[in-house]
Amino acid sequence: MSDLLKNSKGAKVRRLSGLLAFAFVLFFSAITLYPPHSTYALPPTQSPAAPDADITGKLARTPSIWPVGGVVSSTFGWRTSPFGDGSELHSGIDIAIHAGAPVVATADGRVIQSGPAGGYGNLVQIDHGNGITTLYGHNSQVAVTAGQQVKKGQVISYAGSTGRSTGPHVHYEIRQHDTAIDPWRYLVSDRGTQKS
């Protein structure tokens with residue numbers, strides 16, 4: 300057996316060298332099968348793959364645009380109440396804008412509430428799936444009804460000062476599984492909105 304190992308060691312090296320030489324020749328001969336500087340195109344019956352519809356749908360249902368241009372007059376988090384009630388958790392952002400300014404849906408979804416809602420005044424609430432909902436409060440009037448499907452960028456209401464409000468603005472809130480979260484985490488551009 301030891302004689303076999305001595306003899307096979309040289310044979311293995313030769314076989315490996317021969318195998319590498321064969322692969323080298325095969326590789327470079329395969330490259331020369333195609334003419335140099337050729338351009339390649341998909342056949343006329345094929346087109347590039349479309350983006351995955353599921354991903355496209357999820358992006359459309361993600362609240363990522365501003366509901367209205369204006370000035371952010373109050374951010375998410377603890378603040379002194381504008382009504383003199385001490386400290387309070389502000390569950391969204393307030394965007395000051397003139398009464399009657401169009402307010403748009405920040406993502407595709409289904410309207411689950413539209414109309415008077417206590418301190419929110421005239422409220423539109425949209426379910427975007429995956430536990431995400433958005434709320435648009437203090438509207439002068441609503442432009443959608445409960446059960447209606449809406450698209451990102453579609454006008455859903457008009458800014459106002461209804462409910463518990465100190466002036467015309469939009470209260471914009473995002474909830475994840477019924478818990479308010481900071482909308483700044485979702486908004487990807489300023490869209491003409493300024494922070495005060």
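For the sequence shown, this note's numbering gives the first residue as 300, with consecutive numbering after it.
For glycine and all other residues, C-beta sits at the position ideal for the given N, C-alpha and C.
Bear in mind the structure is a predicted one, so any value in this text is a computation, not a measurement.
Where do the N-terminal and C-terminal ends of the beta strand (DSSP E) with residue i fall, by residue?
i, result
"Arg474", "468-475"
"Gln412", "408-415"
"Thr433", "431-438"
"Ser456", "454-457"
"Ala395", "392-395"
"Pro366", "Pro366 -> no beta strand (DSSP E), and no H or E assigned at all."
Nearest CA to the CA of residue i: which residue from the options?
i, options, result
"Ala400", "Leu388, Trp365, Thr355", "Trp365"
"Tyr457", "Gln447, Gln412, Val469", "Val469"
"Val487", "Gly356, Ser363, Lys451", "Ser363"
"Gly383", "Thr465, Arg484, Glu472", "Thr465"
Is residue i helix, strand or coil when you go by DSSP?
i, result
"Trp483", "helix"
"Ala359", "helix"
"Gly418", "helix"
Compute the distance between the beta-carbons of residue i and residue j, then report whether it is under 8 Å.
i, j, result
"Phe375", "Asp481", "yes"
"Val443", "Gly414", "no"
"Gly446", "Gln475", "no"
"Val410", "Ile394", "no"
"Arg360", "Gly391", "no"
"Lys450", "Ala404", "yes"
"Val367", "Val402", "yes"
Tell me residue i's beta-bridge partners as DSSP assigns them.
i, result
"Arg378", "Glu387"
"Ser460", "In the DSSP output, where bridge partners are listed per residue, Ser460 has none listed."
"Gln448", "Arg409"
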